[in-house]
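Asks: Numbering (the numbering used here), first residue to last: 33 to 595.
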Amino acid sequence: MSSPKEALEWKDKGNNLLKQHKYDEAIEAYTKAIEIDPNNAIFYSNRAQVQIKLENYGLAIQDCDLAIKLDINFLKAYYRKGVSLMAILNHKQALENFKFILKKLPNDKLTLENYKQCTNYLKRQAFEKAIAGNDDNESIFNKIDYQSIQIEKSWSGPELNITTTTTNTTTTNTTTTTTVGDNNKNKKSDVIVNIEGLDHDYLKYMIKLFKNGGKLPKRHVFAIIAKVYEILKQENTMTEISLLHSQIDFNNDNDDTINNPHGKGKGKGDQIIGGKKLTVVGDTHGQFFDLLNLFDKFGHVTQDHIYLFNGDFVDRGSWSCEVALYLYVLKILYPKSIFINRGNHETNDMNKTYGFTDECEFKYSKKIFEAFNQSFGALPLACLINQTYLCMHGGLFSNDKVTLKDIKSINRFPSNGSSQPPKEGLAMELLWTDPQEINGRSPSKRGIGMQFGPDITERFCLSNKIRKIIRSHEVRMNGIENEQNGRLMTVFSAPNYCDSTGNLGGVIHIEENSNYKKDLDDGQGYKTVEEKNCPWILTTETFEAVPHPDLKPMAYSKGGFGF
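#1: Which residue marks the beginning of the beta strand (DSSP E) containing V313, and which one marks its end?
#2: Exposed or buried, what is Q303 when buried is set at 16 or more other beta-carbons lying within 10 Å of its beta-carbon?
#3: Here's the rule: buried if 16 or more other CB atoms are within 10 angstroms of the residue's CB, otherwise exposed. What is F445?
#4: With 16 other CB atoms within 10 Å as the buried threshold, where does Q52 fall?
#5: Quick check: C4 and M521, are their CB atoms within less than 8 Å of each other?
#6: In three-state terms, what does DSSP make of N448?
#7: Can you tell me which of the three DSSP states I183 falls into?
#8: Identify which residue in S77, I569 and K135 has its Cα closest to the Cα of I417.
#9: Look at V225 and A255 and say whether their C-beta atoms are less than 8 Å apart.
#10: Using beta-carbon positions only, say whether E469 and S430 come within less than 8 Å of one another.
#11: By a C-beta neighbour count over all protein chains shown, 10 Å radius and 16 as the cutoff for buried, is N547 buried or exposed?
#12: How long is the line joining the alpha carbons of N380 and L98, rounded to whole angstroms?
#13: How should F159 be labelled, buried or exposed, when 16 other C-beta atoms within 10 angstroms of its C-beta is the threshold for buried?
#14: State the Cα-Cα distance for the pair T519 and H425, rounded to the nearest angstrom.
#15: Return the Cβ separation of L607 and L264 in integer angstroms, given the expectation that the two are a contact with Cβ distance under 8 Å.
#16: Between which two residues does the alpha helix (DSSP H) containing E191 stretch?
#17: For I93, report the span of its alpha helix (DSSP H) as first-last.
#18: Report the start-end ranges of each beta strand (DSSP E) in the segment 529 to 583 that is 3 residues or longer and not cut off at the edges.
#19: Counting pairs of beta carbons, one from the segment 537 to 554 and one from the segment 272 to 284, are three or more of them closer than 8 Å?
#20: Report the residue from A459, H332 and K308 whose alpha carbon sits nearest the alpha carbon of E378.
#21: Excluding the 5 residues preceding and the 5 following I183 in the sequence, name in chain order all residues of the same chain whose CB lies nearer than 7 Å to its CB.
#22: Let me know the secondary structure DSSP gives M586 once reduced to three states.
#23: Within 10 Å of its beta-carbon, does A162 have 16 or more other beta-carbons around it, so buried, or fewer, so exposed?
#24: Below 8 Å on the Cβ atoms is my contact criterion, and I expect V346 with V523 to pass it. Report the Cβ-Cβ distance as a whole number of Å.
#25: To the nearest angstrom, report how far apart K329 and G189 are at their CA atoms.
#26: Grab the span of the beta strand (DSSP E) containing Y339 for me, first residue to last.
#27: In whole angstroms, what is the alpha-carbon distance linking Y153 and K141?
#28: Is it right to say R112 is buried, meaning 16 or more other beta carbons lie within 10 angstroms of its own, or is it exposed?
#29: Can you give me the C-alpha to C-alpha distance between L428 and D466, rounded to a whole angstrom?
#30: Just confirm the distance between the C-beta atoms of K398 and C353, as a whole number of angstroms; I'd bet it's less than 8 Å.
#31: Helix, strand or coil: how does DSSP classify V115 here?
#32: According to DSSP, which residues form a beta bridge with L275?
#33: Rounded C-beta distance between N325 and F575? I'm assuming under 8 Å.
#34: Taking C-beta to C-beta, are E393 and F404 nearer than 8 Å?
#35: Indicate whether the contact test is met: 3 or more Cβ pairs, each with one atom in the segment 88 to 107 and one in the segment 475 to 483, closer than 8 Å.
#36: I need the straight-line Cα distance from K584 to A526, nearest angstrom please.
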């Protein structure tokens with residue numbers, strides 16, 4: 033028979049595992065302690081702390097509630113619940129937990145800091161809501177006077193000749209296209225940026241500059257973001273990339289080996305056809321030096337080597353501006369060879385909580401953050417690779433009937449001009465949901481979105497005639513994990529995430545399968561994961577973190593969460 037002493041031993045073991053960043057093992061140890069003694073509030077609170085480290089904020093809140101139920105005055109549980117609520121942007125409820133603590137401990141430093149952050153966030157939110165009614169919804173990029181922005185005297189790098197032209201654009205459901213002589217009622221004028229001098233020499237100089245802690249001129253930064261925004265507006269909410277294949281002609285819609293989501297006889301749709309290799313990169317989270325290492329290790333962007341960055345390239349790491357600008361310059365130089373999906377961290381509320389807002393304002397300006405923020409709203413939400421693999425940052429949906437066409441039809445440019453995703457619906461789920469091991473759906477361990485089981489993924493793949501889901505959004509200690517009976521892969525590309533997790537980074541490569549036999553392909557390969565005669569081969573590689581300057585995660589955050 034187990035004893036309270038044995039429960040305490042499991043708790044102590046959990047504490048040691050937590051210190052070693054062995055989070056899954058720590059949870060197992062605390063759970064053992066709870067099974068032996070379910071009436072000890074400390075065990076639940078300690079397990080909540082591990083869930084916070086794993087960013088499972090919904091589960092952390094559940095454990096804190098159980099601890100508080102056992103001990104209504106257990107202040108540490110209130111604190112951890114408040115921190116978890118802040119993490120999922122529920123600052124109002126978080127504030128109530130911090131208020132409770134301050135009644136007992138009015139001078140507690142950490143609680144005061146979080147109380148102040150919650151108060152400031154709610155005040156800012158109220159102010160932004162109050163002025164929103166006066167917003168004319170005009171793009172920030174239409175208001176920039178580039179000639180009035182002086183180049184900093186310290187700048188000794190290459191010059192860019194930045195000019196602008198005005199053109200009429202028509203906003204459609206998913207994209208914005210340039211038009212001439214159009215009578216569409218949604219027609220408006222947009223400023224188009226032209227940049228001369230942004231070439232590979234500029235890119236090399238910029239990388240060297242960033243490695244040495246330097247910054248680009250604000251005029252250059254505005255122009256780079258504006259140009260990328262123009263490019264992204266031309267892309268669909270679900271981009272479609274098809275690599276070249278010696279035995280498949282994606283231009284031939286009557287080829288029965290191709291799954292065309294537009295239907296037979298409807299052409300190749302909006303596919304971008306080209307390249308011999310595609311590399312999918314998961315979360316990079318402002319880890320600029322690891323991003324440089326990634327390209328050095330796995331190859332740089334070229335016409336033959338396409339890259340897809342699957343969201344969350346900002347926040348957490350303290351070089352988010354550098355990562356974003358690097359990817360954006362690559363997007364200008366190689367618009368058909370690098371693609372960037374939106375992640376849940378390419379959003380306003382997350383940026384304010386996890387560091388990018390403060391970093392951007394410290395290094396550049398509030399207006400430049402606003403420009404980034406608007407550009408994030410134009411990022412696609414998903415990518416269909418080779419009509420075979422669907423990539424999104426988060427995961428699948430609360431509705432089994434969602435199709436590829438539904439994803440492609442999501443409107444990224446609502447009439448109110450908002451660049452922020454809605455709090456519910458397909459766009460939110462593409463950014464936020466997670467897989468689970470058991471069948472069915474369940475509430476999210478994060479506290480936002482939901483979780484979907486292998487049966488959900490299987491049905492989605494079969495009904496949409498695709499082989500696999502590729503997503504990111506969660507740390508995987510080995511960088512990559514095959515999940516849900518092989519129907520889903522998670523790729524995470526920020527090694528030693530936040531300088532503390534100890535994980536590897538991973539990437540997924542997709543190339544032509546040289547052993548593919550077209551005459552044996554009946555077009556039904558999507559029905560089984562183990563189908564060997566697939567036109568494509570997926571390989572995975574991992575990489576370790578590299579040294580970087582001594583700057584902690586979220587170094588510029590004004591009382592930011594988590595560190």
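From the three backbone atoms N, C-alpha and C, an ideal C-beta is built for every residue, glycine too.
Replies: Once the coordinates are examined:
#1: K309 to V313
#2: buried
#3: buried
#4: exposed
#5: Since the first residue shown for the chain is 33 and the last is 595, residue 4 is missing from the structure and cannot be characterised.
#6: coil
#7: coil
#8: I569
#9: yes
#10: no
#11: exposed
#12: 32 Å
#13: exposed
#14: Checking the sequence, you will find Arg at residue 519 rather than Thr. Each residue's Cα considered, the two are about 16 Å apart.
#15: Given that the chain is displayed from residue 33 to residue 595, the structure contains no residue 607 and the question cannot be resolved.
#16: Element bounds for E191: n/a, residue is neither H nor E.
#17: Y89 to L102
#18: 537 to 544 and 568 to 575
#19: yes
#20: A459
#21: P249 and R251
#22: coil
#23: exposed
#24: 18 Å between Cβ atoms; not a contact.
#25: 27 Å
#26: H337 to F341
#27: 18 Å
#28: buried
#29: 8 Å
#30: The Cβ separation is near 13 Å, so there is no contact.
#31: helix
#32: Answer is none; L275 lacks a bridge partner.
#33: 6 Å
#34: no
#35: yes
#36: 15 Å
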